[in-house]
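> For reference, the structure I am asking about is given below.
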Amino acid sequence: MIKLAYKIMKQKKSISIGMIICIFMLIVLTMTTFMYLDYSFEDLEINLEEKYGNTDIILYNFDDVEIDVDNILLDIKVDNISEGCVFEAKAGSNIVYIYGLDFDTYPLINDIKIDNLGKAGTNNLYLTETAEELLGYNHGDLIDIEVVDDEYSFEYTGTIDKKSIYEFGNKESIKAYIPIQQIESNMDIHNRNLYFLDIAEGESVSRTVEKLKTENPDISVINVLEHKNLTRKTMTSSFVYAVIFVLLALAAVTWGILFNFSSIILNDFISQIGFYRTLGLSTQKATKIFKYYSLILGMIGLVSGVVIGILAGNLSIFIQYDSFHFQLPTDYSIYTCIIIAIVIPYLTMIIQINKMKDLTAITMLNQYKKNNFDEEKYNSRRSLLIGIGFICLFSLRYLADDYFDGLKLSILNILFVTSILYGIQYISPHILGFISKFLRGKRYVNFFLSFKNVVINKKQVRGLLGTIITVIAFQIGMYSVFHNVRVDSANKFENQYNGDIFINDIYTDENTIEQKIKEIENNDGVQRLEKGAKQYLQIQGNNIVAYFIDSEDFQAFFNYDFIDGGDSKKIYEAYENDKNNVIIGEGLKLKGDIKTGDVLPLEDVDKVLNLNVIGICDSNEYMGNVVYLNKELYPDIKTNLLTVKFKDGYDKEALYNEIENIMKTGLVIQPSMLSKEVLRDRFKKNAIKNTQYIEYILLFMTTIAIYTVINSINIFVEKRKREYAMLFSLGANRKTLSKNIIIEGLIIITTGLILSLLTGYLITPCFVDVAMFTSGMSKVSMYSFDIKTSLGILLYAFCLFTIMICFKAHEYKNKDYISILKED
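Below is the structure:
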C-alpha cells in the first residue's frame, strides 16, 4: 500500500508538491510563531524579574507618618525587608517625589542597576533615564530640592536603569532617588514611611495583603505580585489573540486548498481504483492507499517545515531582539506541528474518499470513458443551484447583525464566510459561460477559442478558481481587519472630541498651571479651555485610565452617546452631585461585563475608591479602559492635562504656535502638546500595536499561497496534454498553442482575482466582527475596505501568475504532439 501511495506521489508531482507546500507553509508559520512567542515570554519573565526582583509587597504613606513595621509584621513571615521614606518636593517649578532608599539592604529585595552608585559623596541623587530626559540634567549638575520652606542641593550622580526598578506611585509624576542616610544627615528627615517586603516562601502574598489592608487602613499596601501578573497579562494577551486569529485563518485556508487538491487526486485516479477493484482489491484497502499518501505528504511537509521553521524562528528573534543565541523549539511546539501535519491532510483525504465508497468498480471504470458533456450539463445545473443557495445563505448575514452579537454572531460569521466562498466558487464557471455568449467576431479568434476552452472545462476551472478565491480573499480579509481597526480608531477620535489642541504630561504646581491657563484664555482665538487630570488606577488586575473632568467640560468637549444608564440629563446630574458616581467607557463594559448600578473598587496608589457606575458611554475604547470622575468634587487632584478649542475663522496654526510659546515659557519639562490632526493620525497608527510580526506572517502566507495557486494552474495545464496533442495533430503550431495557454491562464487568473476582490470585500465585515469579538472590543462604527492594500495584493499575485504562465507556455514551444502523448 505504501509503495502504491508513493507511486501516486511520483505520478502526480505537481499536485503532491502543492499539497506538501500547503502543509509546509502551515508548519513553518506554526513553528516560527511558537518559537517567537516562547522567546518573547522568556524575555518578558527576565525583564519582570529584573524590574521587580524579590519584592512582594510595598508599605508606605504620604502623610509623613512613620510606619510601626515591627508591630505590623508581628505575625507575618518575611525573608528580607528594606526601609526607606517618600515625600513630595519641588525642583524649580516641577513637582518631584523623593524616594529615600537604603542601598545596603535594598539589593536584597531587588538588584537595582545604577551608574556611579559607589561614588563617594554626601549629597548624591539618582534619576531614571526618563526623569533625566524630562528634567534635562547631566551627571555632576547640582539640583535644588525644595521641601516645604527649606531648600537643599544634591548632585546628580548617576542614572538608574529603569528596567531594574519598580517605580510605584502614579505614573504621571517625576521621581528622584537619594540614599536614606543622606536624607537624614542633610534634610534631618528621619521618618520611615516606606518598606519593601520579600514575603517568606510558602506564605500567600494575596492573603497577607488583605490582612495588612484590613488591620492597617491608614497605610497604603501594594501587591507587587499582582502588578507583575498584570504586566504579564497586558504585554501578552492582545498579541497572542491576534497571532492565534491569524494562525486559525491560515489553517482554514490550508484546509480549503488541501480539500481541493484531494478532490483532484481522487478524480484523476478513480479509473485506476476501479481497475484495482476488479482485480479483487477491497474498498478498505483501496482507501488505505490514499490515506498513506496523505500521511507521506504530511511527513515530508512536517520535516521540511520544522527545519525551516526553526531557522525562521531564530531569524525573527534576531530581528526583534538582536539575540544571536540559537534557540530550539519546545516539546509542545514539536507535538503541535506533528498533530497538524497528520490530522489536516488525513481528514481532508478521508472526507473525499467517503464520496466514492458507494461506487462500484464498473462505475469507476466508466467514469474515465463517459461522455463528459451530458454529465457536465447535469453538474452545471446543480452547481449553479448550489452556488445560488450558498449566496442566499450568506445574505442572511445582514439580518443576523440585528438579532445576534458576541459569540453567536462570530460563529455565524464563520458560517457566512464559508458560504460566500463556496457560493462564488460554484457560480464562477457560469459567470465565464455567460460572458462567452457575448464573444463573437473574427478579429479575436484565439481569445474566443481560449475562452471557450476554459468554459468547457467547468469542473476543473471551478476548483481552480475556488483555490484562487479562497487564498487571495483570505489575505484581503486579514489585512482589512488591521485597516478597519485603525480607521475606526481615527474616526471615533475625530467624531467624539471637540478640542483643537491637547496638552498632556504637565509636571508643575497648581499656581503655575493657573497662570498658564489665564494666559491661554486671554487669547482672542480661544473659545473654551478644559482643565482635567489623568491618573492610572486598577481593578482586578487590569489597568484603568481615570479622567477627572467637570460636568460642563465633559458635555462641551465630548460627543458621547450613552448606551446604558437612561436619560443623559439625569446621568449628568448624578455625575455633578456625588464624587462616587462615575461614567465608564464601552471598552471597560465589554471587558469587565459591567453594567450601570455596579460598584467598581478602583485601587489608587494609597486607597481604594468604591465608585458607582451611573452611565456607560461609547467612548473611544482605543484610549484603553476609561472611567470619568467629576474633577470639581476632587479638589486634591492636580491638573495635568488641558484641552483647548478655537473659535471659527482664526488661523489654527498661528494659535497653536502662540499657545506652545506660553507653555514653554518658564517650564523646565515641556508638556506634550498635539493638534487634533496629529493626535488623530497617532490614534490610527497605534490602534493595533506590535503587528509587524503578524503582517510579516501575512506577507509570507500570501507569497506561499500564491505559489500554491500557481501550482494549481500548472496542474490544470498538465491535465490537458491529450487535448494539446490533438491540436498539434490537427495542424496547430507551437506558437499558437503557447499563445492559447497564456490566454487561457490570463483569463483564469483575471477572473479569479476579480472574484477574489469581490469576495474579500464581502467577507471583510465578518473578519472584522470576529477579530473584534476575540480581542474583547466593541464592533467598529462603520466598516471600511482597504482598497489600496487589496489592489496591491492582486497586482503582486497577477505578476507572479503571469510569469509562471509564460514559463509554462514556453515549455510547449519545444515539444511536438508525440512527446506530449508519451508524457500523458
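Heads up: the sequence shown at position 432 corresponds to 563 in the numbering used here, and the numbers run straight through without jumps. The beta-carbon is built from N, C-alpha and C at its ideal position, and this holds for glycine as well.
(1) Taking its Cβ as the centre, do 16 or more other Cβ atoms sit within 10 Å of Y509, making it buried, or is it exposed?
(2) R323 CB to nearest chain C CB: under 8 Å?
(3) Rounded to whole angstroms, what's the CA-CA distance from I519 to L886? Just pull it up for me.
(4) DSSP on T905, reduced to helix/strand/coil?
(5) Taking the alpha carbon of D329 as the point to measure from, which residue in F155, L239, L740, D735 has its own alpha carbon closest?
(6) Keeping to the same chain, check which residues put their C-beta closer than 7 Å to that of S541; ignore five residues upstream and five downstream.
(7) Between the beta-carbon of Q458 and the beta-carbon of M166, is there less than 8 Å?
(8) At which residue ranges does the segment 531-576 contain complete alpha helix (DSSP H) runs of 4 or more residues, listed in the order of the chain?
(9) Quick one: what does DSSP say K776 is sitting in, helix, strand or coil?
(10) Report the rounded CA-to-CA distance for S284 versus M318, giving the unit in angstroms.
(11) What does the alpha-carbon distance come out to for the pair P766 and Y308?
(12) Would you mind sorting T601 into buried or exposed? The rule is 16 or more other CB atoms within 10 Å of its CB.
(13) Tell me, to the nearest whole angstrom, how far the beta carbon of L378 is from that of L160; I am working on the premise that it is less than 8 Å.
(14) Just tell me which of C748, D749, V758 has its CA closest to the CA of L742.
(15) Which whole-angstrom value is the C-beta distance of G429 and Y477, which I expect to be below 8 Å?
(16) Which full runs of the alpha helix (DSSP H) of 4+ residues lie inside the segment 217-263, going along the chain?
(17) Got a sec, what are the start and stop residues for the alpha helix (DSSP H) T593 sits in?
(18) Looking only at its chain, what residues have a beta carbon closer than 6 Å to the beta carbon of L764, apart from the 5 residues adjacent to it on each side?
(19) Please name the residue in S511, I545, N544, I551 whose C-alpha comes closest to that of I522.
(20) Can you tell me where the alpha helix (DSSP H) with D201 in it begins and where it stops?
(21) Going along the chain, which residues of its own chain have a beta-carbon closer than 6 Å to the beta-carbon of S393, five neighbours each way excluded?
(22) Contact check, G630 vs Y781 under 8 Å by CB: the rounded distance?
(23) Do you know offhand how far G883's Cα is from G597's?
(24) Which residue comes first and which comes last in the beta strand (DSSP E) that contains R659?
(25) Per DSSP, which residues does V352 bridge with? Please list them.
(26) Need the endpoints of the beta strand (DSSP E) that P956 sits in, please.
(27) Ordered along the chain, which non-local residues of its own chain (more than five positions away) have a Cβ less than 7 Å from that of N626?
(28) Quick check on DSSP: helix, strand or coil for Y183?
(29) Quick check on F525: does DSSP put it in helix, strand or coil?
(30) Whose CA, out of I714, S581, R528, lies closest to the CA of G697?
(31) So is V809 buried or exposed if we call it buried at 16+ other beta carbons inside 10 Å?
(32) So I475 and W386 are supposed to be a Cβ contact under 8 Å. How far apart are they, rounded?
(33) Taking one C-beta from the segment 213-226 and one from the segment 265-280 each time, how about it: are there three or more such pairs within less than 8 Å?
(34) Taking 7 Å as the cut-off, is the CB of T186 close to at least one heavy atom of the ligand GTP?
(35) How many angstroms separate the CA atom of A383 from the CA atom of C897?
(36) Taking the Cβ atom as the reference point for each residue, do M156 and L389 lie within a distance shorter than 8 Å?
Once the coordinates are examined:
(1) Its pLDDT being 40, under 50, Y509 is placed unreliably by the model, and the measurement read from it follows with that caveat. By the 10 Å Cβ count, Y509 comes out exposed.
(2) Protein chains in the displayed structure number just one, and chain C is not present.
(3) Roughly 15 Å between the two C-alpha positions.
(4) Per DSSP, reduced to three states, the secondary structure at T905 is helical.
(5) Comparing Cα-Cα distances from D329 to each of F155, L239, L740, D735, the minimum goes to L239.
(6) The answer, listed in chain order, is D900, V901, F904.
(7) Taking 8 Å as the cut-off, the Cβ atoms of Q458 and M166 count as close.
(8) Counting only unbroken stretches of 4 or more residues, the alpha helix (DSSP H) elements lying wholly within the segment 531-576 are 537-567, in sequence order.
(9) Correct three-state label for K776: strand.
(10) In a straight line, the C-alpha of S284 is about 10 Å away from that of M318.
(11) Each residue's alpha carbon lies about 28 Å from the other.
(12) It is buried - the Cβ of T601 has at least 16 other Cβ atoms within 10 Å.
(13) Correct: roughly 7 Å between the Cβ atoms.
(14) Ranking the options by Cα distance to L742, first place goes to V758.
(15) The beta-carbon distance between G429 and Y477, rounded to whole angstroms, is 7 Å. This is short enough to meet the 8 Å contact definition.
(16) Listed in chain order, they are 237-240.
(17) As written in the sequence, residue 593 is Arg, which differs from the Thr given in the question. It spans 589-627 - the alpha helix (DSSP H) in which R593 sits, taken as one unbroken run.
(18) Same-chain partners within the cutoff: K710.
(19) The candidate whose alpha carbon is nearest that of I522 is I551.
(20) First-last of the alpha helix (DSSP H) with D201: 200-203.
(21) If you ignore the 5 residues before and after S393, its C-beta comes within less than 6 Å of the C-beta of T479, M480, Q483, all in its own chain and listed in chain order.
(22) Not a contact, Cβ separation roughly 15 Å.
(23) Answer to the nearest angstrom: the Cα atoms are 8 Å apart.
(24) For R659, the enclosing beta strand (DSSP E) starts and ends at 657-670.
(25) DSSP output for V352 lists L190 as bridge partner(s).
(26) In this structure the chain extends from 132 to 955, so residue 956 is not present and cannot be described.
(27) If you ignore the 5 residues before and after N626, its C-beta comes within less than 7 Å of the C-beta of N690, all in its own chain and listed in chain order.
(28) Of the three classes helix, strand and coil, the one that applies to Y183 here is helix, per DSSP.
(29) Under the three-state reduction of DSSP output, F525 falls in the helix class.
(30) Here the closest residue by C-alpha is I714.
(31) V809 is exposed by the Cβ-count criterion.
(32) Sure, about 6 Å apart at Cβ, within 8 Å.
(33) Three or more Cβ pairs drawn from the segment 213-226 and the segment 265-280 lie within less than 8 Å of each other, which places the two stretches in contact.
(34) Ligands are entirely absent from the displayed structure, and the ligand GTP is therefore not among its contents.
(35) A383 and C897: Cα-Cα distance of roughly 15 Å.
(36) Cβ atoms of M156 and L389: not closer than 8 Å.
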